[in-house]
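Sequential numbering of the sequence shown, starting at 1016, is according to this note's numbering.
Each residue gets a CB set at the ideal place from its N, CA and C atoms; glycine is no exception.
See below for the structure under consideration.
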Amino acid sequence: MITISKEFNFTAEDFFDYLDEQLLSAIKTARGNNLPVKLASGTRYTQGDIDTEITTYQRGKLYEAHFKNDRIDIVISYKTINVSKGVKITFSEEIKSYDPSKHGSFNNWLYNVQLKHGAKKELNKMAKNVYTNMQN
1016 MITISKEFNF TAEDFFDYLD EQLLSAIKTA RGNNLPVKLA SGTRYTQGDI DTEITTYQRG
1076 KLYEAHFKND RIDIVISYKT INVSKGVKIT FSEEIKSYDP SKHGSFNNWL YNVQLKHGAK
1136 KELNKMAKNV YTNMQN
């Protein structure tokens, strides 16, 4: 599992405003209708061939989702805490479909380096999108 934390100068509310907008759009598209969607723990939908379940949803605090198909099995989460200058976001990603016992130590190290790099990029991309969303 990879976990990274970073502080940004927007609030947890700003972050969840953006996240909710993205989730609502994705769920409505996946379901093929424009019916109201309630974001809650246990919400399920399928995008393409990926089954998604929001396993934990506490607006302003925690979003965790499980993504699964024949090739991947991933759990991601965003945990937010408001701090004096904005928000601290902790992003976690667990690739359940990766078994380190089937790989050597160098391959596991390289895999973790790549995951950490990808997690940093993902968190920064989300923050950039939150800033853009705040200006609209």
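So what's alanine 1055 in DSSP terms, helix, strand or just coil?
-> Three-state result, alanine 1055: coil.
Environment of valine 1098 [buried if 16+ CB atoms lie within 10 Å] = With fewer than 16 other Cβ atoms within 10 Å, it is exposed.
Could you tell me if the beta carbon of isoleucine 1065 falls within a distance shorter than 6 Å of some heavy atom in the ligand NAP?
-> By its list of ligands, the structure shown contains no ligand whatsoever, and the ligand NAP lies outside what it can speak to.
Pick from Gly1063, Arg1059 and Asp1064 that is closest to threonine 1070, judged by C-alpha positions = Here the closest residue by C-alpha is Arg1059.
Does the Cβ-Cβ distance between alanine 1134 and phenylalanine 1106 come in under 7 Å?
-> Between alanine 1134 and phenylalanine 1106, the gap from beta carbon to beta carbon is short of 7 Å.
Identify, in the order they occur along the chain, each residue of the same chain with its Cβ nearer than 6 Å to the Cβ of glycine 1119, setting aside the five sequence neighbours on each side.
-> Result list for glycine 1119: empty, nothing under 6 Å.
What do you get for alanine 1055, buried or exposed, if any count of 16 or more other CB atoms within 10 angstroms of its CB means buried?
-> By the 10 Å Cβ count, alanine 1055 comes out exposed.
Please list, in chain order, all residues of the same chain as lysine 1100 whose beta carbon is under 8 Å from its beta carbon, the five residues on each side excluded.
-> Taken in chain order, the residues that qualify are Glu1022 and Asn1024.
Assuming aspartate 1088 and serine 1116 form a contact by the criterion Cβ under 8 Å, report the distance between their Cβ atoms to the nearest whole angstrom.
-> Contact annotation, aspartate 1088 with serine 1116: C-beta distance approximately 16 Å; criterion of less than 8 Å not satisfied.
Hey, out of Lys1043, Tyr1078, Leu1077 and Asn1084, whose CA is closest to isoleucine 1065's CA?
-> Looking from the CA of isoleucine 1065, the closest CA among Lys1043, Tyr1078, Leu1077 and Asn1084 belongs to Asn1084.
Nearest to lysine 1136 (by Cα), restricted to the options Glu1108, Ala1045, Lys1053 and Gln1150 | Nearest option by C-alpha distance: Glu1108.
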